[in-house]
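Some notes on the structure that comes next.
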Amino acid sequence: MSVLRAVQADLTTLAVDAVVNAANETLLGGGGVDGAIHRAAGSGLLAECRGLPLVRPGVRCPTGEARITAGHRLKAPWVIHTVGPVWHGGGNGEAELLAGCYRNALALAHEKGLRSVAFPAISCGVYGYPVVEATAIAVATVHSVLARTPAIEEIVFACFGDAIFSAYETELGRQPA
Ligand code: AR6
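Throughout, our numbering is defined as the position within the sequence shown, counted from one, plus 121.
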């Protein structure tokens, strides 16, 4: 049975099989958790990201999709990069795109045979997704994928800040264990 838990932690310090990056479509780094991952992983990560194919000019990973690279100098051997939606009020498919991030990231983890994955609160920083809504999507989507993917044993939601941590605690308490 898979375990889901929320922790207050810097994602880049976690010893899991993969950390998920809340990236942008270029996959060439940015601020927030993306910047922290690139700083901790070192320049080899940027070089590997640059080598991923462009699907259209400037876009290596369309919103809602995911790509996987090595973790380079991180403790985690893998980084799964996904691109959350920018919040535009909720009427632009944001919920489905955000659910796609969790589904596609876990599909890559499954393909690689990974057992533990840590997620940040995708889209809840610069991209402005309301935390309570985003947390509900994250937890429900992960639960539904794991019900079909029991080989993934542990999911960690790495939270920056009390508001996000308590939103996850509430949501995890609401879901069946
Ligand atoms: N560990 C865990 N969570 C973190 C960390 C960390 N080290 N650093 C930040 N957070 P954001 P987004 C939290 O803005 O909204 C980048 O520039 C943060 O407090 O990183 O998906 C990309 O290149 C927030 O709760 O991601 C994109 O352009 C959550 O991680 C854009 O930002 C996500 O915040 C993506 O925006």
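Idealized CB from N, CA, C, for every residue including glycine.
None of these values were measured; they are calculated from a predicted model.
With 16 or more other Cβ atoms inside 10 Å of its own Cβ, residue 181 counts as buried.
Straight-line spacing of the CA atoms in residue 245 and residue 130 works out to 16 Å.
Boundaries of the beta strand (DSSP E) harbouring residue 202: 199-203, taken from the DSSP string.
Note that the C-beta distance between residue 205 and residue 219 is below 9 Å. When DSSP states are grouped into helix, strand and coil, residue 286 belongs to the helix group. With 16 or more other CB atoms across the displayed protein chains lying within 10 angstroms of its CB, residue 260 is buried. Short note on residue 294: C-beta not closer than 8 Å to any heavy atom of the ligand AR6. Residue 122 places its beta carbon less than 9 Å from that of residue 271. In the structure shown, residue 144 adopts coil according to DSSP, grouped into three states. The way I'd put it, the segment 163-183 doesn't touch the segment 244-258; fewer than three beta-carbon pairs between them come closer than 8 Å. Listed as beta-bridge partners of residue 226 by DSSP are no residues whatsoever. For residue 184, the three-state secondary structure derived from DSSP is coil.
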